[in-house]
Each structure stands twice: as C-alpha cells, then as structure tokens.
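Residue numbers (the working numbering): 911 to 1023. Single-structure report; data block below.
Structure (structure tokens):
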C-alpha cells in the first residue's frame, strides 16, 4: 500500500489524468485508481480533491441520472484543467528522474545532468 504522505502530492494529478480520458464520476475514479495499483483510496480523500479541482476551475461537473440509484456527479476536464495536467506531468517526470537517480546512487539521469 502506498503511504498517504506519498499520495498527497500526486493524487490530484492522477485524478486529472483519469478525467482527461473521459467524463467520469467519483466512485468510478476510485475504482480506476485501485485498478492502477493505488489500493483503496477512501471517499474522504477523493471527494474533497474533486471539490477542490472544481472550485479551482480545473473540472466542470454535471449531474446525470443513474440506472442504479441517485443522480451521479460527472466530471470533465476544462481547458485550465488540461493545462494543469500538462504541468503536473512535466513536474512529475522531473521528480521521477531525480528520485531514480538518487536511488541508483547518483548515476547520470536521463537528461544527462
């Protein structure tokens, strides 16, 4: 299981990546994260993040009827959200390279530094 402290800085970006593929709702996002190896991410973690993404204008929402119960709140990426996702990917790749280099004992990283 991934420690929650390690998840904090990356979960929003990963959620944006999931939403960028298609409109989706909270429970489906949690299930997707689980399939990708994040384990069970609590609703108390996912829904506040989704609310923050919405308040920051990174996602738009729409309620839709569900065949299985109450209406579901669907999320879709905004242009601002797409820019934020791009920025996250760049930053994450820089971090990944630095961590990989450190774990390998300081071997040159992929950027040749």
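Using N, Cα and C, we set each Cβ at its ideal position, and we do this for glycine too.
Reduced DSSP category for residue i - H, G, I as helix; E, B as strand; rest coil
i            : result
residue 964  : helix
residue 1006 : helix
residue 952  : coil
residue 1014 : coil
residue 941  : helix
residue 923  : helix
residue 980  : strand
residue 972  : strand
residue 986  : strand
Rounded straight-line distance, which links the Cα of residue j to that of residue i
i           : j            : result
residue 955 : residue 919  : 12 Å
residue 986 : residue 932  : 7 Å
residue 992 : residue 1008 : 25 Å
residue 961 : residue 974  : 17 Å
residue 944 : residue 951  : 7 Å
residue 925 : residue 1013 : 27 Å
residue 984 : residue 1004 : 31 Å
residue 970 : residue 938  : 16 Å
Residue environment, residue i, which counts as buried when at least 16 other CB atoms sit within 10 Å
i           : result
residue 941 : exposed
residue 935 : buried
Proximity below 8 Å, CB of residue i to CB of residue j
i           : j           : result
residue 967 : residue 990 : yes
residue 998 : residue 923 : yes
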